[in-house]
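The numbering used here applies: residue 7 is where the sequence shown begins, and numbers increase by one.
Inspection log for the structure reproduced underneath, given as C-alpha coordinates.
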Amino acid sequence: MLDANQLQVLELSLRVAGTAVAFSLPLALVVAWFLARSRSRLKMAVDALVHLPLVLPPVVTGYLLLIVLGRRGLIGGWLAEHLGLVFAFHWTGAALAGGIMGFPLMVRPIRLSLEAIDPRVEAAAATLGARPILVWLTVTVPLALPGVIAGLVLAFARALGEFGATITFASNIPGETRTLPLAIYTFIQVPGGEGQAAQLIVISVVVSLGALVVSELIARRVKRLQA
(Lines of atoms letter the chains of each structure in order from A and count residues from 1; the text may use other names and numbers.)
(Lines give C-alpha, C1' and ligand atoms only; values in the text may rest on other atoms or scores of the structure.)
Protein backbone atom coordinates (compact mmCIF):
# COMPACT_ATOMS: atom_id res chain seq x y z
CA MET A 1 0.00 0.00 0.00
CA LEU A 2 1.08 3.55 -0.73
CA ASP A 3 1.42 5.97 2.14
CA ALA A 4 0.00 9.50 2.10
CA ASN A 5 3.27 11.03 0.89
CA GLN A 6 3.57 8.62 -2.04
CA LEU A 7 -0.06 9.16 -3.02
CA GLN A 8 0.51 12.91 -2.96
CA VAL A 9 3.56 12.56 -5.22
CA LEU A 10 1.65 10.31 -7.63
CA GLU A 11 -1.37 12.62 -7.76
CA LEU A 12 0.80 15.66 -8.35
CA SER A 13 2.79 13.89 -11.07
CA LEU A 14 -0.35 12.82 -12.93
CA ARG A 15 -1.81 16.32 -12.61
CA VAL A 16 1.38 17.92 -13.91
CA ALA A 17 1.75 15.51 -16.84
CA GLY A 18 -1.95 15.64 -17.70
CA THR A 19 -2.00 19.43 -17.68
CA ALA A 20 1.16 19.52 -19.79
CA VAL A 21 -0.28 17.39 -22.59
CA ALA A 22 -3.75 18.96 -22.44
CA PHE A 23 -2.41 22.45 -23.05
CA SER A 24 0.23 21.29 -25.54
CA LEU A 25 -2.14 19.38 -27.84
CA PRO A 26 -3.90 22.31 -29.61
CA LEU A 27 -0.59 24.00 -30.39
CA ALA A 28 0.99 20.69 -31.40
CA LEU A 29 -1.81 20.06 -33.92
CA VAL A 30 -1.32 23.47 -35.51
CA VAL A 31 2.48 23.22 -35.58
CA ALA A 32 2.40 19.66 -36.94
CA TRP A 33 -0.02 20.72 -39.69
CA PHE A 34 2.23 23.66 -40.59
CA LEU A 35 5.32 21.43 -40.78
CA ALA A 36 3.47 18.79 -42.79
CA ARG A 37 1.74 21.03 -45.32
CA SER A 38 3.43 24.42 -45.46
CA ARG A 39 6.00 25.42 -48.06
CA SER A 40 6.97 28.54 -46.15
CA ARG A 41 10.60 29.53 -45.79
CA LEU A 42 10.00 29.61 -42.06
CA LYS A 43 9.35 25.87 -42.00
CA MET A 44 12.97 24.92 -41.30
CA ALA A 45 13.28 27.51 -38.53
CA VAL A 46 10.04 26.37 -36.89
CA ASP A 47 11.11 22.74 -37.12
CA ALA A 48 14.45 23.54 -35.48
CA LEU A 49 12.76 25.55 -32.72
CA VAL A 50 10.28 22.75 -32.01
CA HIS A 51 13.03 20.16 -31.65
CA LEU A 52 15.38 22.42 -29.66
CA PRO A 53 14.32 20.99 -26.26
CA LEU A 54 15.53 17.57 -27.41
CA VAL A 55 19.10 18.74 -27.90
CA LEU A 56 19.40 21.37 -25.16
CA PRO A 57 20.31 20.19 -21.66
CA PRO A 58 17.06 20.23 -19.63
CA VAL A 59 18.72 22.48 -17.05
CA VAL A 60 19.31 25.09 -19.76
CA THR A 61 15.64 24.94 -20.74
CA GLY A 62 14.64 25.38 -17.10
CA TYR A 63 17.00 28.31 -16.64
CA LEU A 64 15.67 30.03 -19.77
CA LEU A 65 12.14 29.58 -18.43
CA LEU A 66 13.26 31.12 -15.14
CA ILE A 67 14.71 34.15 -16.93
CA VAL A 68 11.56 34.69 -18.99
CA LEU A 69 8.76 33.54 -16.68
CA GLY A 70 10.28 33.86 -13.21
CA ARG A 71 8.72 36.29 -10.74
CA ARG A 72 11.34 38.84 -11.80
CA GLY A 73 11.57 37.55 -15.35
CA LEU A 74 11.03 39.38 -18.62
CA ILE A 75 7.39 38.31 -18.79
CA GLY A 76 6.76 36.47 -15.53
CA GLY A 77 6.60 39.61 -13.39
CA TRP A 78 3.95 41.18 -15.62
CA LEU A 79 1.89 37.97 -15.73
CA ALA A 80 1.96 37.67 -11.95
CA GLU A 81 1.06 41.32 -11.33
CA HIS A 82 -1.66 41.79 -13.94
CA LEU A 83 -3.09 38.32 -14.55
CA GLY A 84 -2.19 36.50 -11.37
CA LEU A 85 -0.38 33.79 -13.33
CA VAL A 86 2.58 32.32 -11.48
CA PHE A 87 4.78 29.61 -12.97
CA ALA A 88 8.13 29.66 -11.19
CA PHE A 89 8.25 27.48 -8.03
CA HIS A 90 4.63 26.43 -8.65
CA TRP A 91 3.10 23.21 -9.97
CA THR A 92 1.97 25.06 -13.09
CA GLY A 93 5.65 25.75 -13.78
CA ALA A 94 6.36 22.03 -13.52
CA ALA A 95 3.57 21.42 -16.02
CA LEU A 96 4.96 24.08 -18.35
CA ALA A 97 8.46 22.60 -18.16
CA GLY A 98 7.12 19.11 -18.81
CA GLY A 99 5.00 20.36 -21.70
CA ILE A 100 7.95 22.07 -23.37
CA MET A 101 10.22 19.06 -22.97
CA GLY A 102 7.55 16.72 -24.34
CA PHE A 103 6.34 19.01 -27.14
CA PRO A 104 8.73 17.69 -29.84
CA LEU A 105 7.67 14.13 -29.05
CA MET A 106 4.04 15.11 -29.51
CA VAL A 107 4.54 17.03 -32.75
CA ARG A 108 6.60 14.37 -34.54
CA PRO A 109 4.05 11.50 -34.74
CA ILE A 110 1.21 13.92 -35.50
CA ARG A 111 3.22 15.38 -38.35
CA LEU A 112 3.98 11.93 -39.76
CA SER A 113 0.29 11.00 -39.62
CA LEU A 114 -0.69 14.21 -41.40
CA GLU A 115 1.89 13.61 -44.11
CA ALA A 116 0.44 10.13 -44.69
CA ILE A 117 -3.07 11.47 -45.38
CA ASP A 118 -4.05 11.52 -49.05
CA PRO A 119 -4.75 15.20 -49.92
CA ARG A 120 -7.48 14.04 -52.30
CA VAL A 121 -9.60 13.00 -49.32
CA GLU A 122 -9.53 16.54 -47.98
CA ALA A 123 -10.09 17.93 -51.47
CA ALA A 124 -13.18 15.75 -51.85
CA ALA A 125 -14.62 17.12 -48.62
CA ALA A 126 -13.88 20.67 -49.79
CA THR A 127 -15.70 20.11 -53.10
CA LEU A 128 -18.80 19.19 -51.11
CA GLY A 129 -18.82 22.69 -49.66
CA ALA A 130 -17.06 22.15 -46.35
CA ARG A 131 -15.04 25.10 -45.10
CA PRO A 132 -11.28 24.58 -44.56
CA ILE A 133 -11.60 24.62 -40.77
CA LEU A 134 -14.45 22.09 -40.96
CA VAL A 135 -12.41 19.84 -43.26
CA TRP A 136 -9.52 20.05 -40.83
CA LEU A 137 -11.65 19.19 -37.79
CA THR A 138 -13.85 16.49 -39.34
CA VAL A 139 -11.50 14.86 -41.86
CA THR A 140 -7.84 15.70 -41.24
CA VAL A 141 -7.66 15.37 -37.45
CA PRO A 142 -9.70 12.12 -37.26
CA LEU A 143 -7.49 10.52 -39.93
CA ALA A 144 -4.41 11.61 -37.99
CA LEU A 145 -5.80 10.24 -34.71
CA PRO A 146 -3.30 7.34 -34.37
CA GLY A 147 -0.47 9.86 -34.54
CA VAL A 148 -2.26 12.13 -32.08
CA ILE A 149 -2.63 9.28 -29.60
CA ALA A 150 1.02 8.28 -30.00
CA GLY A 151 2.09 11.89 -29.50
CA LEU A 152 -0.04 12.26 -26.39
CA VAL A 153 1.42 9.15 -24.81
CA LEU A 154 5.02 10.06 -25.63
CA ALA A 155 4.58 13.61 -24.34
CA PHE A 156 2.78 12.36 -21.21
CA ALA A 157 5.59 9.93 -20.44
CA ARG A 158 8.20 12.63 -21.05
CA ALA A 159 6.39 15.12 -18.81
CA LEU A 160 5.95 12.45 -16.14
CA GLY A 161 9.67 11.76 -16.11
CA GLU A 162 10.92 15.33 -16.49
CA PHE A 163 13.60 16.27 -13.97
CA GLY A 164 16.22 18.83 -15.04
CA ALA A 165 13.98 21.62 -16.34
CA THR A 166 11.49 21.10 -13.53
CA ILE A 167 13.94 21.29 -10.64
CA THR A 168 15.59 24.37 -12.19
CA PHE A 169 12.40 26.29 -12.94
CA ALA A 170 9.93 25.00 -10.34
CA SER A 171 12.34 23.69 -7.66
CA ASN A 172 11.71 20.61 -5.51
CA ILE A 173 8.95 21.70 -3.15
CA PRO A 174 7.04 18.94 -1.30
CA GLY A 175 3.37 18.92 -2.22
CA GLU A 176 3.85 21.62 -4.84
CA THR A 177 6.47 20.63 -7.42
CA ARG A 178 7.96 17.36 -6.11
CA THR A 179 6.92 14.97 -8.87
CA LEU A 180 7.94 11.30 -9.13
CA PRO A 181 11.49 11.81 -10.48
CA LEU A 182 12.19 14.59 -7.98
CA ALA A 183 10.84 12.50 -5.11
CA ILE A 184 12.98 9.54 -6.18
CA TYR A 185 16.02 11.81 -6.32
CA THR A 186 15.22 13.18 -2.86
CA PHE A 187 14.84 9.75 -1.26
CA ILE A 188 18.08 8.54 -2.84
CA GLN A 189 19.92 11.43 -1.15
CA VAL A 190 18.54 10.53 2.28
CA PRO A 191 20.16 7.67 4.23
CA GLY A 192 17.67 4.82 4.48
CA GLY A 193 15.42 6.25 1.79
CA GLU A 194 16.27 3.63 -0.82
CA GLY A 195 13.15 1.61 0.01
CA GLN A 196 10.77 4.50 -0.67
CA ALA A 197 12.73 5.39 -3.80
CA ALA A 198 12.33 1.81 -5.04
CA GLN A 199 8.57 1.95 -4.44
CA LEU A 200 8.29 5.16 -6.45
CA ILE A 201 10.39 3.64 -9.24
CA VAL A 202 7.97 0.72 -9.43
CA ILE A 203 5.05 3.17 -9.55
CA SER A 204 6.73 5.08 -12.38
CA VAL A 205 7.26 1.91 -14.39
CA VAL A 206 3.67 0.74 -13.84
CA VAL A 207 2.16 4.10 -14.80
CA SER A 208 4.33 4.41 -17.92
CA LEU A 209 3.61 0.85 -19.06
CA GLY A 210 -0.08 1.37 -18.37
CA ALA A 211 -0.13 4.49 -20.54
CA LEU A 212 1.60 2.62 -23.37
CA VAL A 213 -0.81 -0.33 -23.19
CA VAL A 214 -3.89 1.91 -23.12
CA SER A 215 -2.62 3.96 -26.06
CA GLU A 216 -1.94 0.81 -28.08
CA LEU A 217 -5.45 -0.49 -27.40
CA ILE A 218 -6.99 2.84 -28.38
CA ALA A 219 -4.84 3.07 -31.53
CA ARG A 220 -5.90 -0.42 -32.63
CA ARG A 221 -9.56 0.40 -32.07
CA VAL A 222 -9.21 3.64 -34.05
CA LYS A 223 -7.58 1.80 -36.95
CA ARG A 224 -10.40 -0.78 -36.97
CA LEU A 225 -12.99 1.99 -37.04
CA GLN A 226 -11.16 3.78 -39.86
CA ALA A 227 -10.98 0.55 -41.85
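Idealized CB from N, CA, C, for every residue including glycine.
Can you have a look at residue i and say buried or exposed, based on whether 16 or more other CB atoms are within 10 angstroms of its CB?
i: Met107; result: buried
i: Trp84; result: exposed
i: Val27; result: buried
i: Pro187; result: buried
i: Gly216; result: exposed
i: Pro125; result: exposed
i: Gln195; result: exposed
i: Pro148; result: exposed
i: Ala204; result: exposed
i: Ala189; result: buried
i: Pro152; result: buried
i: Ile209; result: buried
i: Ser19; result: buried
Identify the continuous alpha helix (DSSP H) that holds residue i and give its terminal residues.
i: Ser19; result: Ala10 to Arg43
i: Thr67; result: Pro64 to Leu75
i: Val92; result: No alpha helix (DSSP H) holds Val92; DSSP gives it neither H nor E.
i: Ala54; result: Lys49 to Val61
Based on Cα-Cα distance, which residue from the options lies nearest to residue i?
i: Leu41; options: Ser119, Ile173, Val196 and Gly170; result: Ser119
i: Arg1; options: Pro180, Val212, Leu143 and Met112; result: Since the first residue of the chain shown is 7 and the last is 233, residue 1 is not available in this structure.
i: Leu70; options: Arg43, Gly99, Ala150 and Leu89; result: Gly99
i: Val228; options: Gly170, Glu128, Pro59 and Ala150; result: Ala150
If I'm right that residue i touches residue j with Cβ under 8 Å, what's the distance once you round it to whole angstroms?
i: Phe93; j: Thr183; result: With 8 Å as the limit, Phe93 and Thr183 do not qualify as a contact, their Cβ atoms being about 11 Å apart.
i: Glu168; j: Ala103; result: 6 Å
i: Val145; j: Ala156; result: Val145 to Ala156, Cβ: 19 Å. No contact.
i: Gly68; j: Thr185; result: Actually they do not touch by this definition, with Cβ atoms about 13 Å apart.
i: Ala101; j: Val22; result: 5 Å
i: Ala34; j: Ile116; result: 6 Å
State yes or no: is the C-beta of residue i nearer than 8 Å to some heavy atom of the ligand FMN?
i: Leu31; result: For the structure depicted, the ligand FMN is absent and the ligand set is empty, with no information on it obtainable.
If you scan the region 95 to 178 from start to end, which runs of the alpha helix (DSSP H) of 4 or more residues do you find wholly inside it?
-> Within the region 95 to 178, the complete alpha helix (DSSP H) runs of at least 4 residues are 97 to 122, 125 to 133, 138 to 141, 151 to 166 and 170 to 175.
Unbroken alpha helix (DSSP H) runs of length 4 or more, entirely within the region 192 to 229: which are they?
-> none
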